[in-house]
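Taking it in order: structure first as structure tokens, then the write-up.
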Amino acid sequence: MKQRLDHSVSLSAFAHLFSEIVQYQSTRIQTAADLECRLEECGHSVGLRILELLSHRERRVKHEIQIVGALQFVSSHCWKALFGKVADSLERSTENENEYMIHETFPVTNQYVSVPPDLGHLNCAAYIAGVASGILDGANFSARVTAHTISSAEDSGDKTVFLIKFSPEVIHRETYV
Numbered sequence: 006m007k008q009r010l011d012h013s014v015s016l017s018a019f020a021h022l023f024s025e026i027v028q029y030q031s032t033r034i035q036t037a038a039d040l041e042c043r044l045e046e047c048g049h050s051v052g053l054r055i056l057e058l059l060s061h062r063e064r065r066v067k068h069e070i071q072i073v074g075a076l077q078f079v080s081s082h083c084w085k086a087l088f089g090k091v092a093d094s095l096e097r098s099t100e101n102e103n104e105y106m107i108h109e110t111f112p113v114t115n116q117y118v119s120v121p122p123d124l125g126h127l128n129c130a131a132y133i134a135g136v137a138s139g140i141l142d143g144a145n146f147s148a149r150v151t152a153h154t155i156s157s158a159e160d161s162g163d164k165t166v167f168l169i170k171f172s173p174e175v176i177h178r179e180t181y182v
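Residue numbering for the sequence shown follows this note's numbering, starting at 6 and increasing by one per position.
Right, here's the structure in full:
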């Protein structure tokens, strides 16, 4: 009889390690933008490994060749493996054909980190943006992913939008598929 192992990491362990990453990186930067860039770099390497891990664990996962399929894989399968739930929504920009957005209400990276006043508008979700960028890069969908916080009028708190801008080569390749 085959048992399925629980591959989840405790939230308190993640919160502790992530806050240590933020604290460590904050001693080596000058501005909040520098810290966000460092968090993106850390997340990118994690994203590459997550793609490998999920591809190895789930034999049924097919290699996506279209942008929408790759983004659905990231926002559903990868998001669920990382955060225990799928992303709140995925949408395409109405203004630019190379831009897509993943919406997440109060991401886990923003829950347990208190931002010092000197770093003002730091968005720790830059780490998740780096993870998404790493997953997409590993799947040969070169993209720049950035995290943007949007204040919500509802009681749900702040919402983070991950803006995904694909490189022109990926958009050009999409026309031939």
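Even glycine gets a Cβ: it sits at the ideal position worked out from N, Cα and C.
Check the C-beta distance from F146 over to I72 and give it rounded, since I have them as a contact under 8 Å.
One-based indexing of the sequence shown puts residue 146 at position 141. One-based indexing of the sequence shown puts residue 72 at position 67. With a contact defined as Cβ atoms closer than 8 Å, F146 and I72 qualify at about 7 Å.
Over what stretch of residues does the beta strand (DSSP E) that includes K186 continue unbroken?
This structure leaves residue 186 out entirely; the chain is present only between 6 and 182.
Considering only C-alpha positions, which residue in the set A152, D163, Q116 and E179 is nearest to A38?
Indexing the sequence shown from 1 puts residue 38 at position 33. Nearest option by C-alpha distance: A152.
With DSSP run on the structure shown, which of helix, strand or coil describes Y132?
The count along the sequence shown starts at 1 and reaches residue 132 at position 127. Helix.
Residue burial classification, T36 (beta-carbon count within 10 angstroms, cutoff 16)
Residue mapping note: residue 36 aligns to position 31 of the sequence shown, counting from 1. Classification of T36: exposed, given that the 10 Å Cβ count is below 16.
Considering only the beta carbon of each residue, do A130 and T110 sit closer than 7 Å?
Numbered from 1 along the sequence shown, position 125 holds the residue referred to as residue 130. Numbered from 1 along the sequence shown, position 105 holds the residue referred to as residue 110. Going by C-beta atoms, A130 is not nearer than 7 Å to T110.
Taking the C-alpha atoms as reference points, what is the distance between A137 and G74?
Residue mapping note: residue 137 aligns to position 132 of the sequence shown, counting from 1. Residue mapping note: residue 74 aligns to position 69 of the sequence shown, counting from 1. Between A137 and G74, the C-alpha separation is close to 14 Å.
Quick check on the DSSP output: what are the complete alpha helix (DSSP H) runs of length 4 or more inside the region 45 to 113, in order along the chain?
72 to 77 and 84 to 88
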